[in-house]
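Residue numbers (this note's numbering): 187 to 750.
Think of the CB as a built atom: it goes at the ideal place given N, C-alpha and C, for glycine as much as any other residue.
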Amino acid sequence: MIRFVNILNRIQEVIPNKYRKTSRLFLLLSFLQLLLDGFSIFLLIPVVISILDQANSFDFLTITIEASNKYILICVVLLFFVLKNYLGIKINKYQAKKAYELGSEYSSLLSKYYLLENYISFKQEKKSAIVKDIIFVPNDFVSNVLLSINTIISEFFLLLLLCFIGVFFNYMTTLLIIMIMVVIFLVHKRYNKSDLEKINKTRVNDYNKNISNLNNLLNGYLSIKSSNMSAHFLDVFYNSNKTLNESYAVLHAKRINSSKQTEIILILVLCAIFVVTNVLITNKTNSTVFLSVFAALLFKAIPSVNKLNIAFTNFKAHLYTLDIIEKKTNIPQNQTASDATISFNNQILLKDISFYYDEEKKILNNVNLKFPKGKFIAISGESGIGKTTLLNIISKLIKPTSGTIYIDDIKITDENKYEYFNLFTYLTQKPFIYEGTILENIVLNNTTYNKEELHKLISDLRLDKIIDQFPDGLDTYIGSDAGNLSAGQLQLICIARAIMNNPKILILDEATNNLDKEAEIRTLNFLKTYITKNNTTIITVSHHIKETKDVYDTIVELKGHNEI
187 MIRFVNILNR IQEVIPNKYR KTSRLFLLLS FLQLLLDGFS IFLLIPVVIS ILDQANSFDF
247 LTITIEASNK YILICVVLLF FVLKNYLGIK INKYQAKKAY ELGSEYSSLL SKYYLLENYI
307 SFKQEKKSAI VKDIIFVPND FVSNVLLSIN TIISEFFLLL LLCFIGVFFN YMTTLLIIMI
367 MVVIFLVHKR YNKSDLEKIN KTRVNDYNKN ISNLNNLLNG YLSIKSSNMS AHFLDVFYNS
427 NKTLNESYAV LHAKRINSSK QTEIILILVL CAIFVVTNVL ITNKTNSTVF LSVFAALLFK
487 AIPSVNKLNI AFTNFKAHLY TLDIIEKKTN IPQNQTASDA TISFNNQILL KDISFYYDEE
547 KKILNNVNLK FPKGKFIAIS GESGIGKTTL LNIISKLIKP TSGTIYIDDI KITDENKYEY
607 FNLFTYLTQK PFIYEGTILE NIVLNNTTYN KEELHKLISD LRLDKIIDQF PDGLDTYIGS
667 DAGNLSAGQL QLICIARAIM NNPKILILDE ATNNLDKEAE IRTLNFLKTY ITKNNTTIIT
727 VSHHIKETKD VYDTIVELKG HNEI
């Protein structure tokens with residue numbers, strides 16, 4: 187019980203602030219259904235008495251039900267149950283909608299965690315794990331943890347209410363039934379404990395392996411087919427998928443078997459009622475009332491016990507989702523909490539910047555650099571010297587081991603780094619292309635783009651000759667792998683996208699290296715002209731610095747032993 191309360195406290199902590207009021211309304215609606223269920227018991231009891239003793243009038247609590255009024259009673263009960271269940275359907279739809287809205291919120295928060303938090307951790311994380319966290323974990327958490335808790339709490343109080351009603355009419359029989367149910371519940375809990383704990387522990391790895399193997403199968407399509415390795419990769423995916431589905435099979439069996447447990451409870455309770463009515467109760471009228479009361483109670487109690495069992499099974503098998511959400515949704519609600527507004531008017535200053543994983547092997551050591559606004563700056567050096575690391579530190583993608591970054595004398599901190607990063611547009615050697623048309627990949631979601639500006643940009647980058655090769659022109663569809671375009675052509679599309687975004691600071695990390703020499707020089711000269719017209723700052727890394735050195739305003743050379 188203490189552990190369950192602790193889990194409830196943990197869940198309370200991860201509910202976003204804007205959903206706190208909704209969660210309270212959620213619980214209030216569940217208790218409203220609980221009260222209606224409780225009241226329905228009092229209406230069912232006289233109905234059952236009427237069925238068992240159709241000829242006579244009878245007293246129920248302080249009300250006398252005449253034989254002539256039984257049809258009115260039936261009509262009232264029928265109307266009540268229709269209205270109660272109609273209201274219950276509406277409440278359930280509302281609760282399901284709000285619960286899965288919360289699931290979308292968690293997906294958004296987990297997406298932000300991976301996009302806005304530690305870049306190094308993001309690069310080291312398996313993409314399969316990221317997909318699992320963002321898509322599967324929120325829905326599992328909402329449907330199998332939050333909704334299960336709602337079921338556990340509401341059904342527990344419903345059973346408690348039924349127990350009080352039963353004690354009021356016949357405490358000995360009620361206590362006997364409670365003992366039977368508690369014993370079976372404890373046996374059920376002990377029987378399921380090890381399997382559910384195992385599922386909860388292994389589900390994360392099973393998910394990750396399965397998605398990872400599927401990614402390998404899809405991403406390596408040509409290589410796998412051409413090297414005759416399809417059987418191997420299909421077997422690997424089959425085995426990981428089988429392992430994951432074995433967990434699902436166990437969980438499904440646990441849910442189905444809950445109804446068997448409920449059936450055992452029902453039979454034992456009927457046996458107990460048989461003993462009471464035949465041994466302890468000799469008066470026919472008392473026997474009728476007794477049977478009517480406990481028939482009505484069992485009408486509600488048996489489904490409630492079944493719901494509780496299923497809810498506990500789902501809850502325990504998916505607690506791993508709470509650990510993930512606790513760890514990865516704790517990001518600032520206000521990403522621009524700094525008092526100072528971040529703008530770029532003069533320069534970016536790197537002061538005493540050092541970075542290393544191993545202190546004996548420093549990648550950067552006490553680097554001091556200035557990046558003036560409106561300049562074209564190149565960073566050169568041998569492979570592995572730390573050029574990309576320096577770019578990542580400049581843009582605050584990664585945090586330096588020591589040192590400080592300033593922009594126009596404003597210190598960049600964890601509080602204002604998101605606003606600072608919004609000044610940057612970052613292009614890597616591997617172009618990011620998403621499934622859509624060439625036009626959509628350039629303008630993204632900007633529906634008010636200037637068509638003349640777009641066509642001039644396409645012409646300046648010589649993209650028009652590439653686009654004109656396709657019958658659909660700008661409306662040509664390109665998939666995420668963009669197999670109908672070369673790597674250099676894709677880089678030009680990404681540069682066009684960056685320019686359409688009007689960047690304040692443009693980072694090019696080998697972002698022109700797939701172009702031929704002539705096209706690269708032409709593109710860099712275009713960017714130089716763009717800088718002059720728009721006062722944009724461009725910082726680039728390339729292996730071809732020497733061949734294009736006349737384009738740059740400044741060349742920063744990283745040398746061995748962390749020298750600049």
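Tell me which residues share the same chain as F655 and place their Cβ nearer than 6 angstroms to its Cβ, disregarding the 5 neighbours each side in the sequence.
Along the sequence shown, read from residue 1 onward, the residue named residue 655 stands at position 469. Phe is not the amino acid found at residue 655; the sequence shown has Gln there. Residues of the same chain with a CB within less than 6 angstroms of the CB of Q655, apart from the 5 flanking positions on each side, do not exist.
Look at the alpha carbon of I517 and the alpha carbon of I316, and state the distance between them as a whole number of angstroms.
Here residue 517 refers to the residue found at position 331 of the sequence shown. Here residue 316 refers to the residue found at position 130 of the sequence shown. Caution applies to I517, whose pLDDT of 46 falls short of 50 and renders its modelled position unreliable; the value that the coordinates give is listed next. Each residue's Cα considered, the two are about 16 angstroms apart.
On the CB-based measure, 16 or more other CB atoms within 10 Å of its CB, does T457 come out buried or exposed?
Position 271 of the sequence shown holds residue 457. Checking the sequence, you will find Cys at residue 457 rather than Thr. C457 should be labelled exposed.
Is there contact between the region 413-431 and the region 347-355, where contact requires at least three CB pairs shorter than 8 angstroms?
In short, these stretches do not touch, since the Cβ pair count stays below three.
Delimiting residues of the beta strand (DSSP E) encompassing Y612:
Counted from its first residue, the sequence shown places residue 612 at position 426. It spans F610 to L613 - the beta strand (DSSP E) in which Y612 sits, taken as one unbroken run.
What do you get for G570, buried or exposed, if any count of 16 or more other CB atoms within 10 angstroms of its CB means buried?
Locating residue 570 in the sequence shown gives position 384, counting from the first residue. Exposed, since its Cβ has fewer than 16 Cβ neighbours within 10 Å.
Given T611, which residues of its chain have a CB within under 6 angstroms of its CB, disregarding the five upstream and five downstream residues?
Locating residue 611 in the sequence shown gives position 425, where the first residue counts as 1. Taken in chain order, the residues that qualify are A684, N687, P689 and L692.
Among T590, F541, G659 and T527, which residue has its Cα nearest to the Cα of Y606?
Residue 606 sits at position 420 when you count from the first residue of the sequence shown. Comparing Cα positions, the closest option is T527.
Once DSSP output is grouped into helix, strand and coil, what is the label at G572?
Mapped onto the sequence shown, residue 572 falls at position 386. Coil.
Backbone CA spacing between D736 and N711 [nearest angstrom]
The sequence position of residue 736 within the sequence shown is 550, counting from 1. The sequence position of residue 711 within the sequence shown is 525, counting from 1. C-alpha separation (whole angstroms): 10 angstroms.
Identify which residue in L211, E545 and L264 has its Cα closest to the Cα of L229.
In the sequence shown, counting from the first residue as 1, residue 229 sits at position 43. Of the candidates L211, E545 and L264, the one whose C-alpha sits nearest the C-alpha of L229 is L264.
Use the C-beta contact count for S307: other C-beta atoms within 10 angstroms, 16 or more gives buried, fewer gives exposed.
Residue 307 sits at position 121 when you count from the first residue of the sequence shown. So S307 ends up on the exposed side.
Quick check: the Cα distance between D661 and D646, rounded to an integer number of angstroms?
As a working note, residue 661 is residue 475 in the sequence shown. As a working note, residue 646 is residue 460 in the sequence shown. Straight across, the Cα-Cα distance linking D661 with D646 is about 19 angstroms.
Can you list, in chain order, the residues of its chain whose CB lies under 7 angstroms from that of K732, leaving out five sequence neighbours each side?
Along the sequence shown, read from residue 1 onward, the residue named residue 732 stands at position 546. Cβ contact annotation for K732 (same chain, cutoff 7 angstroms, sequence separation greater than five): none.
Under a three-way DSSP split, which group does P689 fall into?
Against the sequence shown, residue 689 aligns to sequence position 503. Of the three classes helix, strand and coil, the one that applies to P689 here is coil, per DSSP.
Tell me whether N720 is buried or exposed, calling it buried when 16 or more other Cβ atoms sit within 10 Å of its Cβ.
The residue you call residue 720 lines up with position 534 of the sequence shown. By the neighbour-count criterion, in which 16 or more other beta carbons inside 10 Å mark a residue as buried, N720 falls on the exposed side.
Identify the continuous alpha helix (DSSP H) that holds P558 and give its terminal residues.
Position 372 of the sequence shown, counting from 1, holds the residue named residue 558. Note, P558: premise wrong, no alpha helix (DSSP H); beta strand (DSSP E) at L550 to P558.
Rounded distance between the beta-carbons of T515 and L302, thought under 8 angstroms
Residue 302 sits at position 116 when you count from the first residue of the sequence shown. Residue 515 sits at position 329 when you count from the first residue of the sequence shown. Taking C-beta atoms under 8 angstroms as the contact rule, L302 and T515 fail to qualify, at a distance of about 12 angstroms.
Quick check: what's the CA-CA separation for T590 versus K537?
Residue 590 sits at position 404 when you count from the first residue of the sequence shown. Residue 537 sits at position 351 when you count from the first residue of the sequence shown. Counting only the Cα atoms, K537 lies some 5 angstroms from T590.
Please report the Cβ distance between T499 and D695, rounded to the nearest whole angstrom; I am assuming they are in contact, meaning their Cβ atoms lie under 8 angstroms.
Here residue 499 corresponds to residue number 313 of the sequence shown, with the count starting at 1. Here residue 695 corresponds to residue number 509 of the sequence shown, with the count starting at 1. The Cβ separation is near 49 angstroms, so there is no contact.
For the region 202-212 and the region 280-299, state whether three or more C-beta atom pairs, one from each stretch, are separated by less than 8 angstroms.
Contact holds: three or more Cβ-Cβ distances are below 8 angstroms.
Say yes only if the C-beta of F530 is nearer than 7 angstroms to one or more non-hydrogen atoms of the ligand NAD, and no if none qualify.
In terms of ligand content, the structure shown is empty, and the ligand NAD therefore cannot be addressed.
Cα-Cα, which of T740, M358 and H729 is closest to N700?
As a working note, residue 700 is residue 514 in the sequence shown. Of the listed residues, the one whose Cα sits closest to N700 is H729.
Candidates Y292, R206 and K270, of which the one nearest E512 by Cα
In the sequence shown, counting from the first residue as 1, residue 512 sits at position 326. Taking each of Y292, R206 and K270 in turn and checking the Cα distance to E512, the smallest one comes out for Y292.
Count the CB pairs spanning the region 336-345 and the region 493-507 that are closer than 8 angstroms, and state whether there are at least three.
Pairwise C-beta distances place the region 336-345 in contact with the region 493-507, as three or more of them are shorter than 8 angstroms.
For L678 and G572, the rounded distance between their alpha carbons
Along the sequence shown, one-based indexing puts residue 572 at 386. Along the sequence shown, one-based indexing puts residue 678 at 492. C-alpha separation (whole angstroms): 25 angstroms.
Is F217 helix, strand or coil by DSSP?
By 1-based counting over the sequence shown, the position of residue 217 is 31. It is helical.
Less than 8 angstroms between the beta carbons of D594 and N532, yes or no?
To locate residue 594, count along the sequence shown from 1; it is residue 408. To locate residue 532, count along the sequence shown from 1; it is residue 346. Here D594 is near N532, since their CB atoms are less than 8 angstroms apart.
Do you know how far the Cα of N632 is from the Cα of A564?
On the sequence shown, residue 564 is found 378 positions in, with the first residue counted as 1. On the sequence shown, residue 632 is found 446 positions in, with the first residue counted as 1. Looking at the two C-alpha atoms, the distance is approximately 30 angstroms.
Once you ignore the five residues that flank F423 on each side, which residues in its own chain have a CB closer than 7 angstroms to its CB?
Residue numbering aside, residue 423 sits at position 237 when the sequence shown is read from its first letter. If we look at F423 and ignore the five residues flanking it on each side, its Cβ neighbours are N399, L400 and L403.
According to DSSP, T723 sits in a beta bridge with which residue or residues?
The count along the sequence shown starts at 1 and reaches residue 723 at position 537. Per DSSP, I691.
Just verifying my parser: in three-state terms, what is the DSSP assignment at I731?
Counting from one through the sequence shown, the residue named residue 731 turns up at place 545. Collapsing the DSSP output to three states places I731 in coil.
Are the beta-carbon atoms of T726 and E706 separated by less than 8 angstroms?
For the purposes of this step, residue 726 is taken as residue 540 along the sequence shown, with counting starting at 1. For the purposes of this step, residue 706 is taken as residue 520 along the sequence shown, with counting starting at 1. Between T726 and E706, the gap from beta carbon to beta carbon reaches 8 angstroms or more.
I'd like the ranges of any alpha helix (DSSP H) spanning at least 4 consecutive residues and lying wholly in the region 309-386.
As far as the region 309-386 is concerned, its whole alpha helix (DSSP H) runs of at least 4 residues are 313-317 and 323-327.
Could you check what DSSP says for S588 in three-state terms: helix, strand or coil?
By 1-based counting over the sequence shown, the position of residue 588 is 402. Secondary structure of S588 (DSSP, three-state): strand.
Span of the alpha helix (DSSP H) holding L643?
Counting from 1 along the sequence shown, the entry for residue 643 is found at position 457. For L643, the enclosing alpha helix (DSSP H) stretches over residues K637 to D646.
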